[in-house]
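Data block below; observations after.
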Amino acid sequence: MLGSKRTAFKPTPYSYSRRKRRIPRWLVLMITGAVLGVGGLLFVQTSYGPTRLTVAQSEKLGFDLNSANSENHRLQARVAELEKEVERYETQLTSQTDRLENHDQIVQQLRSELNTFMNAVAPDPRGTSPSINAAKYSVVDGKLQQELLIMQDADKADTPFIGEIKLTVMGRYPNGKTGYVDLDPIPIKLDRYVQLIEEFDLPNGMTPRQVTVQVFEQDNPRAQANRTLNVR
């Protein structure tokens, strides 16, 4: 025991010792928490979040959006055109309304003047109503031309007169004989007056001399007015 010697440790400036180091616990906890957080986020996005689009789906979505925008622009332009058309039609309608009002005023004025004229027309000397107030017969190109004015008294104008006019033409043939021709009846309906301007065919070679005008009321065989006029 007394003879043994143990070498004592003496550090020198050129020697070093190793110490075993461990990862801090707080760093382990932080890394573990980060991994769990990222995993949870990925799980939530995969399970409950919106589906991620593929490249093809993204391109299709972009194309659809562009198409929708183009269609919206087209519709907006069409709406603008329709608004302009509506404005134009409203302007035309206003103009037509003004014209219609002017037209009504003109018609009313003409009716007033016409009534004044009707009151100034000489009455039929026979004093009938309806009456044959004016008549003119002539021959043009072998046809009998008629201008005829039939009037009814003003106090009877509220009740329309419905009937017909019968014409009997007296004329002479080339052989010198006199003949009579009954023309087709002319239906009439008048309140205050009716004007008839017509032409009639005559038998070949006949030269008309006189025309007898008779006015008949509907369902009444008796003539209400009768007048014989020379052909000019």
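Note that the numbering used here has the sequence shown beginning at 185, numbered continuously upward. The C-beta atom is built at its ideal place from N, Cα and C for all residues, glycine as well.
For the pair A409 and T278, the CB atoms are not nearer than the 7 angstroms cut-off. The beta carbon of V305 sits closer than 6 angstroms to those of N317, all from its chain and outside the five residues before and after it, given in chain order. Straight through space, the alpha carbons of D325 and D385 are spaced by roughly 10 angstroms.
A residue is called buried when at least 16 other Cβ atoms come within 10 angstroms of its Cβ; F345 meets this threshold and is buried.
Distance check between V365 and each of L374, D375, T391, L380 places T391 closest, using alpha-carbon atoms only. Ranked by Cα distance from K350, the options A252, V395, D248 are led by V395. The straight-line gap separating the alpha-carbon atoms of I334 and Q276 is approximately 41 angstroms.
The three-state secondary structure of D368, taken from DSSP, is coil. Rounded to whole angstroms, the separation of the alpha carbons of Q402 and S315 is 16 angstroms. Assignment of G360 by DSSP, reduced to helix, strand and coil, places it in the coil class. Judged by DSSP in its simplified three-state form, N414 adopts strand.
Just measuring C-alpha positions, the residue of R411, R209, A218 sitting nearest A319 is R411. Non-local C-beta neighbours of E383 in its own chain, meaning closer than 6 angstroms and more than five positions away in sequence, comprise K327, Q329, ordered along the chain. According to the DSSP assignment, Q394 belongs to the beta strand (DSSP E) that extends over 391-401.
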